[in-house]
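In the working numbering, the protein residues as written are 56 to 451.
The beta carbon of each residue, even a glycine, is placed where N, CA and C say it ideally should be.
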Amino acid sequence: MPKIWVFIFLFMSFSAAGQGTGLIEARTLQAEGKLSEALAVIKEAVKTNEFKEDGGAWYTYAEINKALFKNEPAGTIKSTYLSDAILGYQMTQKYPSNNVRINLSADQSIEQIFQELIQNGAQWYQQQDYQSALEAFENAVIIAPNDSTIITYAANAAVQGKLYDKALANFRKLLDMRPKESIYQSMISIQRDLQKDFPAALLTIDQAKKDFPNSPVFDRYKLDIYLLSEENEKAIDLITEILKTDIDNDQLALRRAVLYDDRIKALKAETVIDSLALQTAITQSEEAYLKVLDISPDNLVANFNLSMLYNDQANSYYLAINNMTNDEYKANAESYEEIALDFIRKALPRMEAASRKDTTDLNILRTLETYYDRLSMGDEKRAIQKKLKEKEGNRP
56 MPKIWVFIFL FMSFSAAGQG TGLIEARTLQ AEGKLSEALA VIKEAVKTNE FKEDGGAWYT
116 YAEINKALFK NEPAGTIKST YLSDAILGYQ MTQKYPSNNV RINLSADQSI EQIFQELIQN
176 GAQWYQQQDY QSALEAFENA VIIAPNDSTI ITYAANAAVQ GKLYDKALAN FRKLLDMRPK
236 ESIYQSMISI QRDLQKDFPA ALLTIDQAKK DFPNSPVFDR YKLDIYLLSE ENEKAIDLIT
296 EILKTDIDND QLALRRAVLY DDRIKALKAE TVIDSLALQT AITQSEEAYL KVLDISPDNL
356 VANFNLSMLY NDQANSYYLA INNMTNDEYK ANAESYEEIA LDFIRKALPR MEAASRKDTT
416 DLNILRTLET YYDRLSMGDE KRAIQKKLKE KEGNRP
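As structure tokens, then:
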């Protein structure tokens, strides 16, 4: 029986000595500057029952990781060392050591690292070393994950350094904390203007509209993307929707009218022209320009373009007359010409309005001269010819 007790006593003594040796070995290697080896030993030590709630052991774990963090060049491993150092200091605070100095040092070390990172980040930002600034700020975020100011610094450094994915990741952190219109706008600008990633920008816009359903700004961003990607039909539909509430927006109304003009050009360029679709597009274009002029009667572009829309329709009848056979000409020419003149009569006041807005445009004056000639308005034609002669005579 005595031998058994001796055996048990010796077993427990050697076991305790082995665990204590792990911490001693780690500190010895740390003192010798063999930090990687020291880290491997202390990692195992703090997993044991003896040291997993030992503030002193965790402090050693933190100090070794901090030293490796300071020595390591930029990269994922460096950030891992910092995370582990912070964990070690936090565990030191959770399980206070009998050594009061260690407890105080743990508190001070976290704050010291944080301040150094902020100062270094600001310095590198001023020196336009944006990648280093970003790394410093992101490491500071490890210490203070809910500090929106530091996350904003990181996002801005990433934008300046053209590290757009990093910038977006930091902006998303800010959104998770508190959605803001300005953050969404920054993200959309990166995706739309810098990355040219229109699908991603549209997804961000959809999320923004969920958070801010009453904000009109995100529809404008979506419209810009539709226009940039030449998705004209979607753009027309969106403008129509916006104009239901923003009824006096002449610029958006004009944009829609121009898009209808583009649709007309596309239909005319087809090998086989769809007459019904073309006429529908012409009618929609006319209505769209009239909508602009309801809002802004003196709008130069709307007046000029609507006049040319009528003029094109008149020309289509003149072209048809030119292509008639003798029999067709005798039967239809007079009625076709009258229809053409009706379009010219509709075009005239629009072009006159344009000429009042821009008195120097020779193309406008020449078009008016043609209209007056078609409508047998001799006095008006001669007055325009006089203006043209004066302006052409003054040209360098």
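For the 8 Å Cβ check, are there 3 or more pairs between the region 339-347 and the region 301-315?
-> Yes, since at least three Cβ pairs between the region 339-347 and the region 301-315 fall closer than 8 Å, the two stretches touch.
Give the secondary structure of I63 by DSSP, where H, G and I count as helix, E and B as strand, and everything else as coil.
-> Per-residue confidence for I63 stands at a pLDDT of 36, beneath the threshold of 50, marking its modelled position as unreliable; the derived number appears in the next sentence. For I63, the three-state secondary structure derived from DSSP is helix.
When the Cα atoms are used, what is the spatial distance from N358 to L348?
-> Between N358 and L348, the C-alpha separation is close to 8 Å.
Straight-line Cα distance separating K277 from R318 = In this model, R318 and K277 are separated by some 20 Å (Cα to Cα).
Is it right to say V101 is buried, meaning 16 or more other beta carbons lie within 10 angstroms of its own, or is it exposed?
-> Under this definition V101 is a buried residue.
Use the C-beta contact count for A386: other C-beta atoms within 10 angstroms, 16 or more gives buried, fewer gives exposed.
-> When all chains shown are included, A386 counts as exposed.
Compute the Euclidean distance between the alpha carbons of I59 and E105, then round it to the nearest angstrom.
-> Because I59 carries a pLDDT of 42, less than 50, the predicted location of this residue cannot be relied on, and the following value inherits that uncertainty. Whole-angstrom Cα-Cα distance: 25 Å.
Three-state class that DSSP yields for V356 in the structure shown = Three-state result, V356: helix.
For A195 and chain D, any beta-carbon pair shorter than 9 Å?
-> Of the protein chains in this structure there is only one, and it is not chain D.
Whole-angstrom distance between F226 and T204, CA atom to CA atom = T204 and F226: Cα-Cα distance of roughly 11 Å.
Could you have a look at R233 and say whether DSSP puts it in helix, strand or coil?
-> In the structure shown, R233 sits in coil (DSSP, three-state: anything other than H, G, I, E or B).
Looking only at C-alpha atoms, which of L420, D162 and Y426 sits nearest to L443?
-> Residue nearest to L443 within the set L420, D162 and Y426 is L420 (criterion: CA-CA distance).
Helix, strand or coil for G88, going by three-state DSSP, please let me know.
-> Of the three classes helix, strand and coil, the one that applies to G88 here is coil, per DSSP.
Simplified DSSP assignment, three categories, for V101 | Look at V101 here: in three-state DSSP terms it is coil, with no helix or strand label.
Cβ neighbours of I272 in the same chain (closer than 8 Å, five flanking residues each side left out) | The residue you asked about is not Ile; residue 272 is Val in the sequence shown. The residues are E236 and Q240.
Cβ-Cβ separation, I394 to Y365 (assumed contact under 8 Å), whole Å | Contact check for Y365 and I394: beta-carbon distance about 11 Å, past the 8 Å limit, so the pair fails to qualify.
Would you tell me roughly how many angstroms separate the C-alpha atoms of Q181 and S187, rounded to the nearest one?
-> Using only the alpha carbons, I get a separation of about 11 Å.
Pull up the CB-CB distance for I206 and I141, whole angstroms please, since I reckon it's below 8 Å.
-> Wrong, their Cβ atoms sit about 17 Å apart, outside the cutoff.
Could you pull out every residue in the same chain whose Cβ sits closer than 7 Å to the Cβ of K436, ignoring the five residues on either side in sequence?
-> Closer than 7 Å at the Cβ level, and outside the excluded window around K436, lie E424, Y427 and D428.
Along the alpha helix (DSSP H) that carries T307, what are the first and last residues, could you check?
-> At residue 307 the sequence reads Leu, which differs from the Thr that was named. Counted as a single uninterrupted DSSP element, the alpha helix (DSSP H) harbouring L307 occupies residues D305 to K323.
Check whether Y114 and Y144 have beta carbons under 9 Å apart | When the beta-carbon positions are compared, Y114 and Y144 come within less than 9 Å of each other.
Taking three-plus beta-carbon pairs below 8 Å as touching, is the region 108-124 in contact with the region 161-170?
-> The count of Cβ pairs closer than 8 Å, one atom from the region 108-124 and one from the region 161-170, reaches three, so the stretches are in contact.
Coarse secondary structure for R437, derived from DSSP in three states = It is helical.
Between the region 189-196 and the region 172-181, do three or more beta carbon pairs fall short of 8 Å?
-> Touching, yes.
For the alpha helix (DSSP H) that contains E108, what are its first and last residues?
-> Counting along the chain, E108 falls outside any alpha helix (DSSP H), and DSSP gives it neither H nor E.
Sequence-distant residues of the same chain with beta carbon closer than 6 Å to M363, five excluded per side = Apart from the 5 residues on each side of it in sequence, M363 has no Cβ closer than 6 Å to any other Cβ in its chain.
Buried or exposed (CB count within 10 angstroms, at least 16 for buried), E447 = Burial check for E447: the Cβ neighbour count within 10 Å stays below 16, so the residue is exposed.
Between F398 and A369, which are expected to be in contact by the criterion C-beta below 8 Å, what is the C-beta distance as a whole number of angstroms?
-> With a contact defined as Cβ atoms closer than 8 Å, F398 and A369 qualify at about 4 Å.
So, helix, strand or coil for A199, using DSSP?
-> Of the three classes helix, strand and coil, the one that applies to A199 here is coil, per DSSP.
L355 and D303: beta carbons closer than 9 Å?
-> In this structure, D303 does not lie closer than 9 Å to L355 by Cβ.
Alpha helix (DSSP H) containing K299: first to last residue?
-> Per DSSP, K299 belongs to no alpha helix (DSSP H) and is neither H nor E.
For D248, does the three-state DSSP call read helix, strand or coil?
-> DSSP places D248 in helix when its eight states are reduced to three.
Is it buried or exposed for I280, if we count other Cβ within 10 angstroms and need 16 for buried?
-> That one is buried.
Counting only the same chain and skipping the five closest in sequence on each side, list residues whose C-beta sits under 6 Å from that of Q148.
-> Cβ within range, chain order: A161.
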